[in-house]
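Enquirer: Okay, so the sequence shown: first residue is 21 according to the working numbering, each after it adds one.
Ideal Cβ placement from N, Cα and C applies to all residues, glycine included.
Here it is, the structure in full.
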Amino acid sequence: MLRSIATTGRGMRTMVIANASGTALSMAFSVVGLLSPGLFLPGGTDPVTPLTDLYAQAYAARALPLGAALLHQLLISRTGRGLVPLLLVAGAVQVADAAIGASSHNPGMTAGGTVLAALHLGLAARLARSAHGAGSNGIPAAEAA
Numbered sequence: 021m022l023r024s025i026a027t028t029g030r031g032m033r034t035m036v037i038a039n040a041s042g043t044a045l046s047m048a049f050s051v052v053g054l055l056s057p058g059l060f061l062p063g064g065t066d067p068v069t070p071l072t073d074l075y076a077q078a079y080a081a082r083a084l085p086l087g088a089a090l091l092h093q094l095l096i097s098r099t100g101r102g103l104v105p106l107l108l109v110a111g112a113v114q115v116a117d118a119a120i121g122a123s124s125h126n127p128g129m130t131a132g133g134t135v136l137a138a139l140h141l142g143l144a145a146r147l148a149r150s151a152h153g154a155g156s157n158g159i160p161a162a163e164a165a
């Protein structure tokens, strides 16, 4: 379907690096949240409760495996197969994170979720467009010349 995303043009490489960096950052925040759940609570809120711990665990339970799968597809996979659906899922998760951040008045979560959603969904759209314009060898017509 797609040739290796690692061998595509400069703009695509930049998008892949930005997505991988954002994914790694999201995974790191989930680990920090597990170790210190109160660190990301807005100032003046109640101390860490069992529900805060539960939220941090639930966040890590999805962020770590989803992030690992996405990093594998972005950086290691040589075919790019399955990347577009995975980016769509990751983008939807980040849209939900941004909405949760907005409803809980957490500007960092809102901004982070919005930026990561844009990165994931933007790369998914670009890859999908490339796949539809690809020849039988999987290389988009513009890049095959």
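Using the C-alpha atoms, what's the distance from Val104 back to Ala145?
Expert: Translated into the one-based positions of the sequence shown, residue 145 becomes position 125. Translated into the one-based positions of the sequence shown, residue 104 becomes position 84. One C-alpha to the other measures close to 8 Å.
Enquirer: Going by beta-carbon coordinates alone, are Ala89 and Ser50 separated by less than 9 Å?
Expert: Position 69 of the sequence shown, counting from 1, holds the residue named residue 89. Position 30 of the sequence shown, counting from 1, holds the residue named residue 50. Cβ distance not < 9 Å, so Ala89 and Ser50 don't count as in contact.
Enquirer: Among Pro127, Leu61 and Leu147, which residue has its Cα nearest to the Cα of Gly31?
Expert: Indexing the sequence shown from 1 puts residue 31 at position 11. If we check each option's Cα against that of Gly31, Leu147 comes out closest.
Enquirer: Less than 9 Å between the beta carbons of Ala137 and Asp117, yes or no?
Expert: For the purposes of this step, residue 137 is taken as the residue at position 117 of the sequence shown. For the purposes of this step, residue 117 is taken as the residue at position 97 of the sequence shown. Result yes, Cβ atoms of Ala137 and Asp117 sit closer than 9 Å.
Enquirer: Near Leu107, which residues of its chain fall below 6 Å by C-beta distance, leaving aside the five closest residues on each side in sequence?
Expert: Here residue 107 corresponds to residue number 87 of the sequence shown, with the count starting at 1. His140, Leu143 and Ala144, listed in sequence order.
Enquirer: How many angstroms separate the CA atom of Gly121 from the CA atom of Val115?
Expert: For this step, residue 121 is matched to residue 101 along the sequence shown. For this step, residue 115 is matched to residue 95 along the sequence shown. Between Gly121 and Val115, the C-alpha separation is close to 10 Å.
Enquirer: Just tell me which of Met129, His152, Ser46 and Arg149 has its CA closest to the CA of Ala61.
Expert: Looking up residue 61 in the sequence shown gives position 41. This sequence places Leu at residue 61; Ala is not what is there. If we check each option's Cα against that of Leu61, Met129 comes out closest.
Enquirer: Where are the alpha helix (DSSP H) runs, 4 residues long or more, that stay fully inside the region 31 to 91, in chain order?
Expert: DSSP runs (the alpha helix (DSSP H)) wholly in the region 31 to 91: 70 to 91.
Enquirer: How should Ser123 be labelled, buried or exposed, when 16 other C-beta atoms within 10 angstroms of its C-beta is the threshold for buried?
Expert: Mapped onto the sequence shown, residue 123 falls at position 103. Ser123 is exposed by the Cβ-count criterion.
Enquirer: How close, in whole Å, do the beta carbons of Asn39 and Leu94 come, if the pair is a contact with beta carbons under 8 Å?
Expert: Your numbering for residue 39 matches position 19 in the sequence shown. Your numbering for residue 94 matches position 74 in the sequence shown. Their Cβ separation, rounded to whole angstroms, is 6 Å, which keeps Asn39 and Leu94 in contact under 8 Å.
Enquirer: Less than 6 Å between C-beta atoms, sequence neighbours within five positions excluded: which residues of the same chain meet that for Glu163?
Expert: For this step, residue 163 is matched to residue 143 along the sequence shown. Model confidence at Glu163 stands at a pLDDT of 44, short of 50, so the residue's coordinates are unreliable; what they give is reported in the following sentence. So no residue of the chain qualifies.
Enquirer: Which residue's Cα is closest to the Cα of Gly42: Gly87, Asp73 and Ala112?
Expert: Within the sequence shown, numbered from 1, the residue matching residue 42 stands at position 22. Nearest option by C-alpha distance: Gly87.
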